[in-house]
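**Student:**
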Amino acid sequence: MSKKIVIGKEEWCGLPELGLPAIKARVDSGAKTSSLHAFNIHPFEEDGNKYVHFDIHPIQDNRKVIQSCRGLVVDQRNIKSSSGEKEKRHVIRTPISLGDETWEIEVTLTNRDSMGYRMLLGREAMKERVLIDPDASLCLGSINEKDIEKHYNKVGTKKDGLKIVLLASNPELYSNKRIMEAGEERGHEMRFINISQCYMNISSSNPEVHYRGGELLDGVDAVIPRIKPSMTFYGCAVARQFQSVGSFCLNDSVSVSRSRDKLRSLQLLSTKGIPMPTTGFANSPVDTADIIKMVGGAPLVVKLLEGTQGKGVVLAETNKAAESVINAFKSLQANILVQEFIKEADGKDIRCFVVDGKVVGSIQRQAAEGEFRANLHLGGTASSVKITAEERKIAINAAKAMGLKVAGVDIIRSKGGPKVLEINSSPGLEGIEDVTEKDVAGLMIESVEKAVRKK
Ligand code: ADP
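Residues in the sequence shown are numbered consecutively from 545, following the numbering used here.
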């Protein structure tokens with residue numbers, strides 16, 4: 545046996561038979577098995593042997609570089625991930641090179657990013673071969689990521705790829721970046737289009753969408769609208785125009801504008817029998833006392849109809865306070881909802897992310913200390929949660945009632961069962977992808993593919 549190699553907590557290694565000359569691995573002796581972050585995993589048989597085909601992004605934080613691999617399957621194993629979920633994974637056997645040494649290891653394939661690393665090196669793969677210095681890193685040298693990019697393929701547009709427009713305002717937002725990446729890695733031609741720079745010809749004979757500098761945006765197969773609240777009116781108009789020229793719109797413009805009005809949304813949900821907290825709405829100040837009574841008296845919640853991120857949501861602890869808040873809002877001509885306060889929720893709510901009639905992920909949000917609003921923007925924290933069958937059904941029905949293919953349905957757990965608080969037509973991806981480790985952006989792209997193919 546040769547001398548042991550000393551390695552740190554992260555190292556560059558090679559997986560030559562998979563065509564991966566350099567990949568940075570997180571070394572974790574706390575994990576038994578090693579894993580590779582792979583996607584598009586498809587098993588197949590050849591000459592009586594089991595193989596698996598998969599794709600991988602070998603470079604951290606870079607989804608534009610992609611490598612297709614095939615490996616010999618030696619097993620299938622149930623593995624519990626760090627978030628506690630069980631997953632059946634393929635196990636492949638392949639040589640690994642670390643420093644000057646090469647030996648065979650077993651690796652599981654998983655569609656999860658382990659802390660941003662594309663590979664996790666567990667203790668089974670390292671035994672008798674290496675010594676770990678947990679305080680060190682890159683003991684075997686570092687490689688410039690730009691240099692290794694050359695060894696890999698860049699994602700190209702597929703011949704049958706779609707022309708997809710992401711209609712939004714800020715290309716730097718996590719959610720927007722992820723949607724662009726997810727589309728590109730599936731071989732689609734993705735284009736970020738800034739809502740405010742679109743203009744339209746709405747003549748009935750030849751409707752068109754133009755973009756800054758006069759470019760005609762035509763031949764667009766699908767539009768993914770991610771319209772910020774302040775852009776609702778114009779954003780929905782542009783999305784509607786794309787629809788009128790035949791582009792599929794993931795979240796129909798009508799559903800988006802409907803979801804932006806809390807009162808309209810709640811009215812719609814109530815007609816569909818979807819449970820929600822008792823809610824009152826009134827215009828004239830004389831009704832204040834009765835509206836307070838209607839929702840069961842204080843403590844109660846007053847909400848600005850057009851508020852977002854929890855900013856327009858106020859808790860009134862006494863009837864007197866409630867009356868003052870309601871009257872103050874009314875004197876400003878603000879439209880408000882008055883709602884029973886679900887105290888037992890204890891500052892928690894559940895965000896169910898629905899894509900195409902399925903809850904693809906859910907997280908629990910917990911309000912910061914001394915706060916009752918669980919919004920992440922207000923310092924709330926997200927964690928994983930197991931939802932009940934009833935909650936799942938409510939979330940799916942709520943998205944369906946609103947006509948939304950993609951929706952963030954916020955549910956609060958009350959004594960009387962789960963209740964819907966609101967439905968978001970551009971739910972953020974960061975919290976949900978982070979906690980569930982799921983490729984939610986990819987599922988949105990798959991939903992587009994399905995709908996366009998059907999069309
Ligand atoms: P926004 O659209 O501004 O996020 P929400 O209606 O979702 O407004 O309310 C923000 C947060 O306040 C919710 O996530 C929830 O934690 C809390 N909240 C809202 N309504 C109630 C209620 N009726 N009872 C208890 N907590 C509530």
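Ideal Cβ placement from N, Cα and C applies to all residues, glycine included. In this text the structure is predicted, and so the values were computed from the model without any measurement.
#1: Thinking residue 917 and residue 892 are a contact (beta carbons under 8 angstroms), I'd like their distance in whole angstroms, please.
#2: Tell me whether residue 729, by its Cβ, gets closer than 6 angstroms to a heavy atom of the ligand ADP.
#3: Skipping 5 residues on each side, what residues in its chain have a beta carbon closer than 6 angstroms to that of residue 612?
#4: Can you list, in chain order, the stretches of the beta strand (DSSP E) that have 3 or more residues and sit fully within the segment 734-800?
#5: Using a Cβ-Cβ cutoff of less than 8 angstroms, which residues in the same chain neighbour residue 858 once the five nearest sequence positions on both sides are dropped?
#6: Would you check whether the ligand ADP has a heavy atom nearer than 6 angstroms to the C-beta of residue 917?
#7: Here's a check: name, in chain order, each residue in its chain whose Cβ is nearer than 6 angstroms to the Cβ of residue 521, leaving out the five neighbours to either side.
#8: So what does DSSP say about residue 566, is it helix, strand or coil?
#9: Quick check on this structure: which residue in 732, 793, 879 has the alpha carbon closest to the alpha carbon of residue 805?
#10: How far does the beta strand (DSSP E) with residue 619 in it reach, from first residue to last?
#11: Have a look at 554, 832, 945 and flag the residue whose alpha-carbon is nearest the alpha-carbon of residue 681.
#12: Below 8 angstroms, can you find three or more Cβ-Cβ pairs linking the segment 639-648 to the segment 584-595?
#13: Once DSSP output is grouped into helix, strand and coil, what is the label at residue 560?
#14: Measure the C-alpha to C-alpha separation of residue 652 and residue 692 and round it to an integer number of angstroms.
#15: Looking at the secondary structure, which residues open and close the alpha helix (DSSP H) in which residue 946 lies?
#16: Quick one: grab the DSSP three-state call for residue 905.
#17: Within 6 angstroms: the Cβ of residue 965 and any heavy atom of the ligand ADP?
#18: Given that a residue counts as buried once 16 or more other Cβ atoms are within 10 Å of its Cβ, and exposed if not, what is residue 883?
#19: When DSSP labels each residue in this structure, what does residue 885 get in the three-state scheme?
#20: DSSP three-state label for residue 984, please.
#21: Can you list, in chain order, the residues of its chain whose CB lies under 6 angstroms from that of residue 619, leaving out five sequence neighbours each side?
#22: Using the three-state DSSP reduction, which class does residue 696 fall into: helix, strand or coil?
#23: Got a sec? Which residues, its chain only, sit under 6 angstroms from residue 903 by beta carbon, not counting five neighbours each side?
**Tutor:** The answer reads as follows:
#1: The sequence position of residue 917 within the sequence shown is 373, counting from 1. The sequence position of residue 892 within the sequence shown is 348, counting from 1. Actually they are not in contact, since the Cβ atoms of residue 917 and residue 892 sit about 11 angstroms apart, beyond 8 angstroms.
#2: Taking the first residue of the sequence shown as 1, we reach residue 729 at position 185. Annotation for residue 729 indicates a beta carbon at 6 angstroms or more from all heavy atoms of the ligand ADP.
#3: For the purposes of this step, residue 612 is identified with residue 68 of the sequence shown, where counting begins at 1. For residue 612, where only same-chain residues beyond five positions count, the Cβ hits under 6 angstroms are 599.
#4: Runs of the beta strand (DSSP E) inside the segment 734-800: 742-745, 752-755, 766-769.
#5: Counted from its first residue, the sequence shown places residue 858 at position 314. 845, 846, 847, 869, listed in sequence order.
#6: One-based indexing of the sequence shown puts residue 917 at position 373. It does: the Cβ of residue 917 is within 6 angstroms (strictly closer) of some heavy atom of the ligand ADP.
#7: For residue 521 there is no data in the structure shown, the boundaries of the chain being 545 and 999.
#8: On the sequence shown, residue 566 is found 22 positions in, with the first residue counted as 1. Residue state, collapsed to three classes: strand.
#9: Counted from its first residue, the sequence shown places residue 805 at position 261. The residue with the shortest Cα to Cα distance from residue 805 is 879.
#10: The sequence position of residue 619 within the sequence shown is 75, counting from 1. Per DSSP, residue 619 belongs to the beta strand (DSSP E) from 609-624.
#11: Working through the sequence shown from its first residue, we reach residue 681 at position 137. For the residues 554, 832, 945, the minimum Cα distance to residue 681 belongs to 554.
#12: no
#13: By 1-based counting over the sequence shown, the position of residue 560 is 16. Of the three classes helix, strand and coil, the one that applies to residue 560 here is helix, per DSSP.
#14: Along the sequence shown, one-based indexing puts residue 652 at 108. Along the sequence shown, one-based indexing puts residue 692 at 148. Spanning the two alpha carbons is a distance of roughly 24 angstroms.
#15: On the sequence shown, residue 946 is found 402 positions in, with the first residue counted as 1. Unbroken alpha helix (DSSP H) run through residue 946: 933-946.
#16: Mapped onto the sequence shown, residue 905 falls at position 361. Look at residue 905 here: in three-state DSSP terms it is strand.
#17: One-based indexing of the sequence shown puts residue 965 at position 421. It does: the Cβ of residue 965 is within 6 angstroms (strictly closer) of some heavy atom of the ligand ADP.
#18: Your numbering for residue 883 matches position 339 in the sequence shown. Residue 883 should be labelled buried.
#19: Taking the sequence shown and counting its residues from 1, one reaches residue 885 at position 341. Residue 885 falls in the coil class under three-state DSSP.
#20: Numbered from its first residue, the sequence shown carries residue 984 at position 440. DSSP places residue 984 in helix when its eight states are reduced to three.
#21: Here residue 619 is taken as the residue at index 75 of the sequence shown, counted from 1. Answer for residue 619: 635, listed in chain order.
#22: By 1-based counting over the sequence shown, the position of residue 696 is 152. It is coil, neither helix nor strand.
#23: Indexing the sequence shown from 1 puts residue 903 at position 359. Around residue 903: 896, 936, 939.
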